[in-house]
Amino acid sequence: GSATQVVHSAGRRFIVSPVPESRLREP
Amino acid sequence: AEETGLRVELAEEDDGKKNSIAMRLWVEDPKKLKGKPKDNGAIEFSFDINKENPDDVAQEMIDSGFFQECDSKTVAKSIRDRVALIKWRRERCQQVNV
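Protein sequences, first through last, are from chains A and B.
According to the working numbering, the first sequence holds residues 1136 to 1162 in order.
According to the working numbering, the second sequence holds residues 109 to 206 in order.
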């Protein structure tokens, strides 16, 4: 999947990517 | 950390030495949050477990629009719990090595 990047003004970088299916909780 | 509806995991192997470690946070149960989170997926970030404060990262996530202000304590708690676990594991490893 594609990842997007958000950089906060304090300098920290957040990389957002889809949660892998295997890591989602079972219903 | 499950009570918070958020999940925080390591995004890299912990070698027990690095202070700054990559972590990944995502919403497991949006119903447990007070505000609506941005439906974005897993948020990866690096965090210095010795110098940084989980509250600051939580605030930066809110500033960046991932969560609403009313959930700042929940986000901070989830990160704090994971950091405590990492520290506990490291201490335990050191004791075993000694």
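Positions of the beta carbon are idealized from the N, C-alpha and C atoms, including for glycine.
Test: residue i CB closer than 8 Å to a CB of chain A
{"i": "B:I151", "result": "yes"}
{"i": "B:S172", "result": "yes"}
{"i": "B:N148", "result": "yes"}
{"i": "B:E121", "result": "no"}
{"i": "B:W134", "result": "yes"}
C-beta contact flag for residue i and residue j at 8 Å
{"i": "B:M169", "j": "B:I194", "result": "no"}
{"i": "A:H1143", "j": "B:D163", "result": "no"}
{"i": "B:S180", "j": "B:S154", "result": "no"}
{"i": "B:Q176", "j": "B:G124", "result": "no"}
{"i": "B:V116", "j": "B:R190", "result": "yes"}
Same chain only: Cβ atoms within 7 Å of residue i, ignoring 5 sequence neighbours per side
{"i": "A:P1162", "result": "Bear in mind that the predicted position of A:P1162 carries a pLDDT of just 49, short of 50, making it unreliable; the figure below should be weighed with that in mind. Contacts found: none."}
{"i": "B:G107", "result": "As shown, chain B starts at 109 and ends at 206. That puts residue 107 of chain B outside it, with no answer to give."}
{"i": "B:K146", "result": "G173, F174"}
Close beta carbons around residue i, own chain, < 8 Å, minus the five adjacent residues each side
{"i": "B:G113", "result": "V135, E136, D137, P138, K139, K140, L141, T182"}
Close beta carbons around residue i, own chain, < 6 Å, minus the five adjacent residues each side
{"i": "B:A119", "result": "A130, M131, R132, E152"}
{"i": "B:R188", "result": "P162"}
CB contact check: residue i to chain B, cutoff 8 Å
{"i": "A:A1145", "result": "yes"}
9 Å Cβ cut-off: residues of chain A touching residue i
{"i": "B:E168", "result": "H1143, S1144, A1145, R1147, F1149"}
Residues that DSSP places opposite residue i in a beta bridge
{"i": "A:I1150", "result": "A:Q1140, B:E152"}
{"i": "B:S128", "result": "B:D156"}
{"i": "B:V135", "result": "B:L114"}
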